[in-house]
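Going by UniProt numbering, the residue at position 32 of the sequence shown is 32; the numbering climbs one at a time, nothing skipped.
All C-beta atoms, glycine included, are put in the ideal place defined by N, C-alpha and C.
Here is the structure we will look at, set down as C-alpha cells.
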Amino acid sequence: MRSPSFVEALAVGSLITPTAWAATIPTESYSPSGNNVSVHLDGFPHPNPTKSYWQDPPHRIASLRSTPDLPTDQLFDYVIIGSGVTGAATAFKLLSRNPDLSVLMLEARTAASGASGRNGGHCKTGDYKKIKQWVDLYGEDEALKIGKLEQDCVSDVRDFVHRYNVSSGWRDVETADLYYTQDEFEKAAAVVETVFRGQEARDHWRWPEISGAVTYAGHTQNPYLTVCAMLELGLEKGLNLQTNTMALQLTQVSGPSDTKWEVKTDRGTVKGSKVVLATNGFTPALHPGFAATRFLEPVRNQATAVRPAADTSQNPVFRRSQGYADFPGASGDYVTRNLTDDSVVDGRIAAYLRGVGRVTYGHRHWGEAAAAPVADWTGIVCRTPDGLPVVGAVPREHGLWAAVCMNGHGMAWAFRSAEALVEMMVEGAAPAWFPEPFRADRAWKGGRH
Ligand SMILES: Cc1cc2nc3c(=O)[nH]c(=O)nc-3n(C[C@H](O)[C@H](O)[C@H](O)COP(=O)(O)OP(=O)(O)OC[C@H]3O[C@@H](n4cnc5c(N)ncnc54)[C@H](O)[C@@H]3O)c2cc1C
C-alpha cells in the first residue's frame, strides 16, 4: 500500500500557462487510467476516473458489496450516499453510538475513490488565517468556533489513526505556508503567532526566494487508507456497503406515521428513514433543490506525485511539508471550474506540477535532472461562495440531511462535520461547538445564515 515517503513529493495543481516543462508531455487532456470511458451521466461520478497514486493498489474493500444483492426490501434507519471521509465518518460515528442501527452506504464507484482517495495527502489546519474575515462576517464567537472546529477536526483524525493503529503512513510534520510577496505575507502574519520573516525564513526553509513563512503543526498521510479504515470499522459494526452503485433519484414517501425516503439506484430502489448526502461536488446532480440554489460549485483539482532526482532521504527540507500561498506564476486557483469529470488530467497543469518542485525547492535540494513523474490524477471537490462546508438538515425535506462541500479542505473539516451531523440527526440539535455559518439551509438564503 502506498504511503508518503521522503523521496516522493506531491504537488497540487495550478491552472497556469505551461512553460519549459510542457515539452515533455502532451499539452491536451489525457487519461492516465488508459481505459475507455463508458456512460457518464452529467454531473454524476465518472465511471472511469484517473488512477490516483493513493489507490494503487486498490484496498481490499474497494469493490465490496456487503450483500451480493442490493437490500431493496429492508427499510434502513440511515442510507448514506458517498463513501468518502464524510460518509465514512458519519457511518462510523452513527454505529459507534448505537450498533443496533441499520446503515446502508451507496457508493457510485469503488470505496473512497472520490476526492478522499485522490487528494494531496495533507491533514492540516490553515483556514484559521481567515479568522479576521470570519469575525467581520459572523462575529467573534462564531469565528472562534470555526477556527476551533478546524483544529479539533485535525486532532480527531490524528487520534483516530493512532487509536485504531491505521497504517496510512501518518506523519506529524512541521508544515508551512510560504509567501513570496511581502503583502500577502504581512496579511497572514497579522493573525498568527509562529512566523519566520525575511532572512530567518529563507534560512529555516532554505529557499532564497521567499519573503516569509507561517509555520504550524501539520500531518501527511495516505488519505485513502485512513478513510478505508473508517469504512472497515463501520463494516465491523454492521454497515452494509454497496460499492459501484449509483444513486440516481431521491423520493420522499409519506407514510401514515412517518416519512421515509426511496433512493433509486442503477441496481434497484432502497429505502431509508433518513438519507444522508455525503456526495461532495456531485450533490447538485442528485438533488435538484441544491442545484437550484447554485450554492455548490463542483471543481476539478489535479495532483502529481514526482520523485526528485537527488537523494532526499537525509535532507531535512523533505521532512517538512508546505503550501504556496502566492507562488509567482500560479493563479492560486488549482482548479478547473464547474467540472465533475475526473477521468482526464490537464496536460498543461501536469507539466507545471512535474516541474514546480525543482523551482521551489531549488536545484541544490531537488537535483539537476528533471523529476521522475510517478502519477498524475484529478479529483472533484466542491466550493461554496463563503468557503465553508454545508452541514445539516435540508430545509423542507424531512429526513434528508447533508454534509457536503468541504471546499477542498475535507481532511480538516469533514470528521468533525460528521460528528455534528450525527448529533443533529440523533439528538435533534447541533452541539454547542457547531458553527452556525456551516448550516446547510444557508444555501437557500443566499449564503449568509
Ligand atoms: C487533487 C486534490 C487535492 C486535495 N488535497 C487536499 C489536502 O491535501 N488536504 C485536504 O484536507 N483536502 C484536500 N483535498 C480535498 C479533500 O480531498 C476533500 O475535501 C474531501 O475528500 C471531501 O470528502 P467527502 O467525503 O466530502 O467527498 P468525496 O471524497 O468526494 O466523497 C464523495 C463520494 O460520493 C460518491 N457519490 C457522489 N454522488 C454519488 C451518487 N449519486 N451515488 C453514489 N455515490 C455518489 C462519490 O463517488 C464519492 O466517492 C484535495 C482534493 C483533491 C481532488
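> Going by the CB atoms, is the gap between M425 and V85 shorter than 9 Å?
Replying inline: The answer is no: Cβ separation not under 9 Å.
> What are the partner residues of P373, as DSSP defines its beta bridges?
Replying inline: Answer is V306, bridged to P373.
>> Using only CA atoms, which one of F434, K187, F295, Q182 lies nearest to Q199?
In response: Looking only at F434, K187, F295, Q182, the smallest Cα-Cα distance to Q199 is reached by Q182.
> Three-state secondary structure (DSSP) at S331?
Replying inline: Confidence is the limiting factor: at S331 the pLDDT is only 44, short of 50, which leaves the residue's position unreliable, though a coordinate-based value still follows. Of the three classes helix, strand and coil, the one that applies to S331 here is coil, per DSSP.
>> Assuming residue 492 and L75 are in contact, meaning their beta carbons sit under 8 Å apart, how far apart are those beta carbons, in whole angstroms?
In response: The first residue shown for the chain is 1 and the last is 449, placing residue 492 beyond what the model contains.
>> Let me make sure I understand the geometry here. Which of T50, W54, D69 has the alpha-carbon closest to that of T265?
In response: Of the candidates T50, W54, D69, the one whose C-alpha sits nearest the C-alpha of T265 is D69.
> Would you call the region 203 to 210 and the region 147 to 154 in contact, with 3 or more CB pairs under 8 Å?
Replying inline: No, they do not touch.
>> Using 8 Å as the cut-off, can you tell me whether the region 166 to 182 makes contact with the region 218 to 231, which would need three or more C-beta pairs spanning the two stretches below that distance?
In response: Segments in contact, yes.
> So, is T304 buried or exposed, given that buried needs 16 or more other C-beta atoms within 10 angstroms?
Replying inline: Buried, since its Cβ has 16 or more Cβ neighbours within 10 Å.
> For M105, which residues does DSSP report across the bridge?
Replying inline: I80, L241, per the DSSP bridge assignment.
> Taking the beta strand (DSSP E) that Q221 falls in, what are its first and last residues?
Replying inline: That residue, Q221, is in no beta strand (DSSP E); it is neither H nor E in DSSP.
> Among P316, I80, S96, V306, which has the Cα closest to the Cα of E236?
Replying inline: Ranking P316, I80, S96, V306 by CA distance to the CA of E236 puts S96 first.
> Is any heavy atom in ligand 1 found nearer than 8 Å to the beta carbon of K264?
Replying inline: Checking every heavy atom of ligand 1 against the Cβ of K264, none is found closer than 8 Å.
> Should L250 and L400 be called a contact, given that it needs their Cβ atoms to be closer than 9 Å?
Replying inline: Cβ distance < 9 Å, so L250 and L400 count as in contact.
>> Among G347, F295, L106, P99, whose alpha-carbon lies nearest the alpha-carbon of T72?
In response: Checking every option, the nearest Cα to that of T72 belongs to L106.
> Which of helix, strand or coil does DSSP assign to F196?
Replying inline: Reduced to three states, the DSSP call for F196 is strand.
> Less than 8 Å between the CB of E107 and some heavy atom of ligand 1, yes or no?
Replying inline: E107 Cβ: within cutoff of ligand 1.
>> Just to confirm my understanding: we take T279, look at its own chain, exclude 5 residues before and 5 after, and list those with CB closer than 7 Å. What are they?
In response: Within the same chain, T279 has close Cβ partners I81, G82, L286, V404.
>> Could you compute how far the alpha carbon of W413 sits from the alpha carbon of D77?
In response: Straight-line measurement puts the Cα of D77 at about 25 Å from the Cα of W413.
> How is the alpha helix (DSSP H) around A89 delimited, first residue to last?
Replying inline: Residues 85 to 97.
> Across which residues does DSSP place W261 in a beta bridge pair?
Replying inline: Checking the DSSP bridge columns, you'll see W261 partnered with Q252, G272.
> Where does A325 fall in DSSP's three states?
Replying inline: Coil.
>> Tell me the rounded alpha-carbon separation between G446 and G147.
In response: Rounded to whole angstroms, the gap between the alpha carbons of G446 and G147 is 23 Å.
>> Using the three-state DSSP reduction, which class does K445 fall into: helix, strand or coil?
In response: It is helical.
> Quick one: what's got a C-beta closer than 7 Å to A22's C-beta in the same chain, skipping five residues either side?
Replying inline: Here the model assigns A22 a pLDDT of 27, short of 50, so the residue's position is not dependable and the matter cannot be decided.
> Relative to the C-alpha of L239, which residue among D159, P208, S66 is closest?
Replying inline: If we check each option's Cα against that of L239, S66 comes out closest.
> Cα-Cα, which of G117, P395, M246, V166 is closest to G268?
Replying inline: When each option's Cα is compared against that of G268, the closest is M246.
> Can we say the region 153 to 169 touches the region 221 to 230, given the rule of at least three CB pairs closer than 8 Å?
Replying inline: These segments touch.
> If you count every other CB in all the chains shown that lies within 10 Å of the CB of N48, and 16 or more means buried, which is it?
Replying inline: Residue environment: N48 is assigned as buried (16 or more neighbouring CB atoms within 10 Å of its CB, all protein chains considered).
> Span of the beta strand (DSSP E) holding H162?
Replying inline: No beta strand (DSSP E) holds H162; the alpha helix (DSSP H) holding it covers 140 to 163.
> Mind checking Q302: buried by the 16 CB within 10 Å criterion, or exposed?
Replying inline: Burial of Q302 is indicated by the presence of at least 16 other C-beta atoms within 10 angstroms of its C-beta.
> Is the closest heavy atom of ligand 1 to the C-beta of H409 under 8 Å?
Replying inline: Correct: H409 has its Cβ closer than 8 Å to ligand 1.
> Out of R439, D376, G362, F434, which has the shortest C-alpha to C-alpha gap to R354?
Replying inline: Closest by alpha carbon: D376.
> For A310, which residues of its own chain have a beta-carbon under 7 Å away from its beta-carbon, when the five flanking residues on both sides are left out?
Replying inline: In chain order, H365, W366, G367 place their CB closer than 7 Å to the CB of A310, counting only its own chain and leaving out the 5 sequence neighbours on each side.
>> I need the straight-line Cα distance from P26 to P223, nearest angstrom please.
In response: Residue placement at P26 cannot be trusted, given a pLDDT of 41 that sits under 50; what the coordinates show is reported in the next sentence. Answer to the nearest angstrom: the Cα atoms are 29 Å apart.
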